[in-house]
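Numbering (this note's numbering), first residue to last: 1386 to 1539.
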């Protein structure tokens, strides 16, 4: 049997925000806010964004987008598995690039009070077909920077 091109890995990123936990959680569950900080980031082209009416277990979200200056189209199809308001979100998502599978992941976002603000812990476990786990973690950090901008903290 040939070596599998799939790289299984996990990573965890923690980030503190000055905004209260309720506001940070709302930025994760509001379709309009997610579009601004998660989908329309730093010059990316959004071809389609179909958010759920409400983030509840079983809700699905899909998007198609291209990085700045690139001709490739990526997709992200997300299913929310567990939603505990102000405490956690657990979701599974699969990504493709030009129609070819890129990764499948399980993500958990935990929300904590920290002083007057909040801290989140984003943990992802995935099967990465391109083997670029470091790139996925770096991308997650960039998205969480975008969340800071959304919250007016950048």
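Positions of the beta carbon are idealized from the N, C-alpha and C atoms, including for glycine.
As the structure is a computational prediction, the values presented were derived from the model and not from experiment.
Residue range of the alpha helix (DSSP H) that residue 1535 falls in?
-> 1518 to 1535
Would DSSP call residue 1423 helix, strand or coil?
-> helix
In or out: residue 1386 buried (at least 16 other Cβ within 10 Å) or exposed?
-> Caution is warranted here: a pLDDT of 44 is assigned to residue 1386, below 50, making its placement in the model unreliable, and no coordinate value can be reported.
Should the stretch 1500 to 1520 be regarded as contacting the stretch 1394 to 1401, the criterion being three or more beta carbon pairs within less than 8 Å?
-> yes
Do residue 1442 and residue 1466 have their C-beta atoms within less than 8 Å of each other?
-> yes
Regarding residue 1402 and the ligand GDP, is the C-beta to nearest heavy atom distance less than 7 Å?
-> Absence of the ligand GDP from the depicted structure is noted, as is the absence of any ligand whatsoever, leaving it without description.
Kindly indicate which residue of 1420, 1464, 1513 and 1470 has the alpha-carbon position closest to the one of residue 1496.
-> With distances taken between Cα atoms, residue 1496 lies closest to 1470.
Neighbour-count burial assignment, residue 1537, 16 or more Cβ in a 10 Å radius | exposed
Rounded to whole angstroms, what's the CA-CA distance from residue 1490 to residue 1445? Just pull it up for me.
-> 14 Å
Of the residues 1433, 1439 and 1440, which one's Cα is nearest the Cα of residue 1447?
-> 1433
Find the nearest neighbour of residue 1414 within the set 1475, 1519, 1454 and 1527, judged by alpha-carbon distance.
-> 1475
Is DSSP giving residue 1407 helix, strand or coil here?
-> helix
Ignore the nearest five residues each way along the sequence and tell me which others in residue 1410's own chain have a CB closer than 6 Å to its CB.
-> For residue 1410, where only same-chain residues beyond five positions count, the Cβ hits under 6 Å are 1471 and 1496.
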